[in-house]
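First comes the structure, then the notes that go with it.
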Ligand code: PGA
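Residue numbers (the working numbering): 200 to 429.
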């Protein structure tokens, strides 16, 4: 089975023109692209094979919430996946309670949710058992009251591995992925400094169903190599 590769562009690139160029080059089968909100319509227009994701969404559909973007709005633009609880959003204030509300909103609208979880280095340095108990705690809170898990994907992203050039050891993330799969019943992605050089090691593990790629998804030639190693 072909694995799932998600490109998380974060707050990049700097112009809509740049986003369209990048989307054209990354429009590959098995790929999901998460551009910044304002580029979604332009990217949607050029994608033929890849599917569209959003990097976040607000749980309420309409109302007095200045600056927010709802799941319903994203769905109307052709978005099929929404990333929820990315550690960069958590660092900016998203609590587990908010992540839980967002997750329910995404699943409630019939979209696929990519729930991000992962421990900080202060936890992981104490070993895999400590990391397991940390991610279990996140899952219990984030999945509270979520009964139908058909459209749920969980991305295991150790916080210390994100954007650091210091990926997890594939055999260790596979142990956590298996653990998370048992608890959540979801497909599990690995994220954190995935590159063309290491992608095959993560994608080759049966416990890991795909990868969430940040930095390397801004370099289309490298991104293509990652996709071809799936
Ligand atoms: P990275 O980001 O690949 O740049 O480490 C991954 C992510 O934040 O999802």
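Just so you know, even glycine gets a beta-carbon here, dropped at the ideal spot from N, CA and C.
For ligand 1, no non-hydrogen atom lies closer than 6 Å to the CB of residue 350. Cβ neighbours of residue 424 within its own chain (closer than 8 Å, five residues either side excluded): 395, 398. Annotated three-state conformation of residue 269 is strand, per DSSP. Between the stretch 382 to 394 and the stretch 343 to 353 there are three or more C-beta pairs closer than 8 Å, enough to call the two in contact.
Taking the Cβ atoms as the reference, residue 212 lies roughly 18 Å from residue 411, outside the contact range of under 8 Å. Close CB contacts of residue 238 within its chain, under the 6 Å cut and outside five residues either way in sequence, are with 215, 218 (chain order). At a Cβ-Cβ threshold of 7 Å, residue 288 and residue 255 count as neighbours. For residue 362, the shortest separation between its Cβ and any heavy atom of ligand 1 lies below 6 Å. Relative to residue 222, the option among 201, 203, 250, 202 whose CA is nearest is 250. Counting along the chain, residue 298 sits inside the alpha helix (DSSP H) bounded by residues 295 to 307.
Taking non-hydrogen atoms of ligand 1 into account, the C-beta of residue 411 is found less than 6 Å away from one of them. DSSP, reduced to helix, strand and coil, places residue 250 within a strand of the structure shown.
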